[in-house]
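Structure record follows, encoded as structure tokens.
Residue numbers (our numbering): 152 to 349.
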């Protein structure tokens, strides 16, 4: 494909795909397996998997919760999953009456229970409202899983398990973490279907 100067060229596209592939290759499958096991244990015990994040990570939270409540690849009963990023009335009420930093933590305080799981997504690993949600989740004995792109960050220090996608570009971190999220959905869904058939 030949494009004019200043437009995206084939070399730009190939460079983008290579960088995305490197971010994906940086994921640790053993960490994904550990995160999957925690989520499987949660749903087998009747718990709920919560998701939170800002911006694109908020959308990824809703996407992954939707895969579990709906269907990812196989038919099975719905899995208890909630994205606490989607209720605009709740979020704006908390932001207005308290502080934006509490938009997720207050929902976890209201809805979370011991044994539930919070998957906290922050490409920087330092989003204050996400960190507060993790802090609240831990205070009520929820398990916490971080999704980030930063090798050294507060999210990594605070969560029980932290999955990291190595890249200097936010877009590639988001792409890799979505694939990791899909891998977790796949494992959780298969475990749920197996439990139904036994």
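Idealized CB from N, CA, C, for every residue including glycine.
As the structure is a computational prediction, the values presented were derived from the model and not from experiment.
Query                                                                                                                                              : Result
Mind checking residue 152: buried by the 16 CB within 10 Å criterion, or exposed?                                                                  : With a pLDDT of only 48 at residue 152, under 50, the local geometry of the prediction cannot be trusted, and the value read off the model is given with reservation. It is exposed - the Cβ of residue 152 has fewer than 16 other Cβ atoms within 10 Å.
Could you pull the DSSP bridge partners for residue 313 from this structure?                                                                       : 297
Is it buried or exposed for residue 189, if we count other Cβ within 10 angstroms and need 16 for buried?                                          : buried
For residue 342, tell me which candidate among 209, 206, 224, 304 has the shortest Cα-Cα distance.                                                 : 224
Mind checking whether residue 232 and residue 241 have CB atoms under 9 Å apart?                                                                   : no
Can you give the beta carbon distance from residue 255 to residue 272, rounded, assuming they're within the 8 Å contact cut?                       : Actually they do not touch by this definition, with Cβ atoms about 11 Å apart.
Mind checking residue 168: buried by the 16 CB within 10 Å criterion, or exposed?                                                                  : exposed
What residue range does the beta strand (DSSP E) around residue 200 cover?                                                                         : 200–203
What separation, rounded to the nearest whole angstrom, lies between the Cα atoms of residue 216 and residue 304?                                  : 25 Å
Determine the closest residue to residue 276 out of 314, 291, 249, with distance taken between C-alpha atoms.                                      : 314
Identify which residue in 325, 286, 301 has its Cα closest to the Cα of residue 295.                                                               : 286
By Cβ distance below 6 Å, which residues in the same chain neighbour residue 280 in space, the five residues on each side in sequence not counted? : 252, 254, 255
Taking its Cβ as the centre, do 16 or more other Cβ atoms sit within 10 Å of residue 184, making it buried, or is it exposed?                      : exposed
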